[in-house]
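For the record, the sequence lines run as chains A and B. Letter by letter, the first sequence follows residues 1 to 159 in our numbering. Letter by letter, the second sequence follows residues 1 to 159 in our numbering. Even for Gly, the Cβ is constructed at its ideal location relative to N, Cα and C. Only a predicted model underlies this, so the values are computations on that prediction, with no experimental measurement involved.
There are 2 protein chains.
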Amino acid sequence: MKIGTKGRYAVMAMVDVAKYGNKTTPVSLSDIAERQEISLSYLEQLFCKLRKAHLVSSMRGALGGYLLSRSSDHISIADIIDAAEEPVRLTRCPSIKGKGCMKNEVQCLTHHLWEGMGNQISSYLKKISLQDILDKKSLEPCALIESPSSNHLEYSTCS
Amino acid sequence: MKIGTKGRYAVMAMVDVAKYGNKTTPVSLSDIAERQEISLSYLEQLFCKLRKAHLVSSMRGALGGYLLSRSSDHISIADIIDAAEEPVRLTRCPSIKGKGCMKNEVQCLTHHLWEGMGNQISSYLKKISLQDILDKKSLEPCALIESPSSNHLEYSTCS
DNA sequence: CTTAATCCTGACTTTTATACTCAGGATTAA
DNA sequence: TTAATCCTGAGTATAAAAGTCAGGATTAAG
Ligand code: FES
Ligand code: FES
Numbered sequence: 001m002k003i004g005t006k007g008r009y010a011v012m013a014m015v016d017v018a019k020y021g022n023k024t025t026p027v028s029l030s031d032i033a034e035r036q037e038i039s040l041s042y043l044e045q046l047f048c049k050l051r052k053a054h055l056v057s058s059m060r061g062a063l064g065g066y067l068l069s070r071s072s073d074h075i076s077i078a079d080i081i082d083a084a085e086e087p088v089r090l091t092r093c094p095s096i097k098g099k100g101c102m103k104n105e106v107q108c109l110t111h112h113l114w115e116g117m118g119n120q121i122s123s124y125l126k127k128i129s130l131q132d133i134l135d136k137k138s139l140e141p142c143a144l145i146e147s148p149s150s151n152h153l154e155y156s157t158c159s
Numbered sequence: 001m002k003i004g005t006k007g008r009y010a011v012m013a014m015v016d017v018a019k020y021g022n023k024t025t026p027v028s029l030s031d032i033a034e035r036q037e038i039s040l041s042y043l044e045q046l047f048c049k050l051r052k053a054h055l056v057s058s059m060r061g062a063l064g065g066y067l068l069s070r071s072s073d074h075i076s077i078a079d080i081i082d083a084a085e086e087p088v089r090l091t092r093c094p095s096i097k098g099k100g101c102m103k104n105e106v107q108c109l110t111h112h113l114w115e116g117m118g119n120q121i122s123s124y125l126k127k128i129s130l131q132d133i134l135d136k137k138s139l140e141p142c143a144l145i146e147s148p149s150s151n152h153l154e155y156s157t158c159s
């Protein structure tokens, strides 16, 4: 069970943009590369995807860079990871309806387990916004409570 | 975000043992290999680890095989995955106290995110037992409710 | 006692996906 | 005009995962 650098770096870079950018001044990839210790070329690849997913917009030319397309509390970690690397998918059956991952069975015995696990992860990542990371929320998983009244993360220390 | 075959096959194989074995008659690896479409040699590797983790016990010789060491509702999926593949770990900082994954910072900005995510996954996997899989529970992630009164999975359909 | 079925183990090979680089072009502020 | 940036596709290298192989140990059954 692991996460690759594509997802990891994309999140780190987006946090960096959220932290050092604002509505007028974009953040350049070379700055991000240095602060986050990520190769520039690799970042270029990642931001190509992030831009296509409309999470950031770019300004070309000298003094160019990237800025967030929406405010940092309307961008979830799930958005970023989906954009960067192929989405969270733990099952391995083809998406063809009625087909499982095995020759004989329609669905293997563990299909629901992996599906449930994927949902669990996705819903966690959806609840956390870029702003939450800057605010150092997401500290205590046991305190994650869904609040219907707002889209934000409620939390309380649990110890 | 993905899970490797080690963890996946280990769970599939354990479900198979739980389904086809009982306290007296062990299940042979060649049977599992055929039913679950997994190479025999690969299973041998996996069961070496599962045995060392005391999840199964072996009977050698003809008519030998494996049986569960504990009852199927006292073996969690987390137990199996921990035994089979290196444990769920999403952070990438060395375990040395006070050291982060970056040169400068003590902890990178996203450390808590990955840590929380790992905890989220682990606690999900701990709640689900082999027996739950056989009973086709673990279907609905939104229905997962921690019940202090029992160690089992509570669920209700949510649609 | 012999055979065949199984577990047991370590080392080895193959394959694949990831991670990363490189080269060259387009755009724009100074 | 220059230098800093974004932009893109193709290519390479590395490491991890996946899977194989060979040989040995144990034991039930004939
Ligand atoms: S994972 Fe969907 S059928 Fe096996
Ligand atoms: S993941 Fe722990 S410090 Fe970066």
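Reduced DSSP secondary structure (H/G/I, E/B, other) of B/S95: coil
Inter-residue Cα distance where the pair is B/C133 and A/N22: Here residue 133 of chain B is Ile; the residue named in the question, Cys, does not match the sequence. Cα to Cα, the separation comes out at about 49 angstroms.
heavy atom of ligand 1 below 8 angstroms from B/Q45 C-beta: no
Beta-carbon neighbours of B/Q107, restricted to chain A and to distances below 9 angstroms: Those do not exist, as B/Q107 stays about 10 angstroms from chain A at its closest Cβ, beyond 9 angstroms.
Given 8 angstroms, three or more beta-carbon pairs between the region 33-45 of chain A and the region 85-96 of chain A: no
Heavy atom of ligand 1 within 8 angstroms of B/E37 beta-carbon: no
Alpha-carbon to alpha-carbon, A/G4 and A/K19: 23 angstroms
Own chain residues within Cβ distance below 8 angstroms of B/G7, not counting five before or after: I80, I81, A84 and E85
Limits of the unbroken beta strand (DSSP E) element including A/V15: That residue, A/V15, is in no beta strand (DSSP E); its alpha helix (DSSP H) goes T5 to Y20.
Under 7 angstroms (Cβ pairs) to chain A, residues found in the region 33-57 of chain B: E37
Span separating the alpha-carbon of A/S57 from that of A/C48: 10 angstroms
Beta-carbon proximity of B/L29 to B/Y66, cut-off 9 angstroms: yes
Environment of A/A13 [buried if 16+ CB atoms lie within 10 Å]: buried
Opening and closing residue of the alpha helix (DSSP H) in which A/L125 lies: H111 to K127
Beta-carbon gap between B/A10 and B/L46 smaller than 9 angstroms: yes
Beta-carbon proximity list for B/V15, same chain, < 8 angstroms, skipping 5 on both sides: L130, I133 and L134
Interface flag, A/D79 vs chain B, CB-CB below 9 angstroms: no
Spatial distance of A/C101 from A/H54 (CA atoms): 34 angstroms
Simplified DSSP assignment, three categories, for A/S41: helix
Proximal residues of chain A, C-beta to C-beta of B/K136 below 9 angstroms: L109 and H112
Three-state secondary structure (DSSP) of A/L63: coil
Distance, A/K137 Cα to B/K2 Cα: 25 angstroms
Burial state of A/S122 (16 or more Cβ within 10 Å): buried
DSSP three-state assignment for A/S30, whether helix, strand or coil: helix
Cβ separation of B/L109 and B/S76, assumed to be a contact under 8 angstroms, to the nearest whole Å: Wrong, their Cβ atoms sit about 32 angstroms apart, outside the cutoff.
Rounded separation between A/H111 and B/L113 - CA only: 27 angstroms
Between the CA atoms of A/I38 and A/D73 - distance to the nearest angstrom: 25 angstroms
Under 9 angstroms by beta carbon: chain B residues contacting A/Y124: G116, M117, Q120 and I121
Closer than 8 angstroms: A/Q131 CB and nearest ligand 1 heavy atom: no
B/Q131 - containing alpha helix (DSSP H), residue span: L130 to L134
From A/E105, A/G64, A/Y42 and A/Q107, residue whose alpha carbon lies closest to that of A/T25: A/G64
Neighbourhood of B/L50 by C-beta distance below 6 angstroms, restricted to the same chain and skipping five residues each side: V56 and A83
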